[in-house]
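Presented below is the structure to which this report refers.
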Amino acid sequence: MGDAGGPFRGRLRREQRTFEAMLALYCRDLHGGRRGALCPECDELGAYARERLARCPFGPAKPTCKLCPVHCYRPAMRERVRAMMRHAGPRMLLHRPVLALFHLLLDGRRTAPALPRRRDGAASTPRVLPSD
Ligand code: SF4
Ligand SMILES: [Zn+2]
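All the letters of the sequence shown, read from the start, carry residue numbers 3 to 134 under this note's numbering.
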């Protein structure tokens with residue numbers, strides 16, 4: 003999976019690192035994976051989440067995905083992320099307390115700002131991948 007923060011900066015980088023840490027924990031516990039050597043299913047989920055983050059229409063003002071009105075994830079992927087977070091969320095305080103605290107106090111509570119407006123004054127249409 004490479005650099006856990008990927009190409010992201012600031013809080014998006016921290017969010018990405020938190021996601022990757024949770025995914026690694028989940029994969030280790032349920033699929034025998036290791037950080038940097040996830041099972042193919044989790045590797046696919048990680049790549050998908052990175053791509054969604056890179057294309058998030060809110061950019062640096064990105065809200066918490068679960069509070070997002072756009073919900074750009076395909077339904078099946080969203081369900082996989084939910085299952086992963088249900089498992090890893092409660093365990094993060096023990097394994098990655100600093101990231102877990104940032105998530106609990108900051109990154110997990112951000113509501114969505116208005117989407118940037120286009121030059122013609124209409125609200126931007128987020129780019130959304132086709133659903134499953
Ligand atoms: S669900 Fe919303 S906040 Fe999360 S990446 Fe997609 S558009 Fe951005
Ligand atoms: Zn896995």
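Where is the CB? At the ideal position from N, CA and C, for every residue including glycine.
Keep in mind that this is a model prediction, so the values were computed, not measured.
CA-CA distance, residue i and residue j?
i      : j      : result
Met94  : Leu47  : 19 Å
Pro42  : Pro77  : 19 Å
Leu2   : Gly12  : The structure shown does not extend to residue 2, since the chain spans only 3 to 134, so no value can be given for it.
Arg52  : Ala102 : 19 Å
Arg82  : Tyr50  : 11 Å
Val130 : Gly110 : Confidence at Val130 is low in this model, with a pLDDT of 49, below 50, so the placement of that residue is unreliable and no value is reported for it.
Ser133 : His89  : Low confidence applies to Ser133: its pLDDT is 42, below 50, so where it sits in the model is not reliable, and the reading given next is rough at best. Answer to the nearest angstrom: the Cα atoms are 25 Å apart.
Ala116 : Cys70  : 11 Å
Ala85  : Ala114 : 23 Å
Leu40  : Arg19  : 15 Å
Arg57  : Phe10  : 11 Å
Is residue i near ligand 1 - that is, is its Cβ less than 6 Å away from at least one heavy atom of it?
i     : result
Lys64 : yes
His73 : yes
Arg13 : no
Arg54 : yes
Does the Cβ of residue i lie closer than 6 Å to at least one heavy atom of ligand 2?
i     : result
Leu40 : yes
His89 : no
Gly35 : yes
Glu81 : no
Glu22 : no
Going along the chain, which unbroken runs of the beta strand (DSSP E) with 3 or more residues stay wholly within the region 54-104? Counting only runs that start and end inside the region 54-104, there is no beta strand (DSSP E) element of at least 3 residues.
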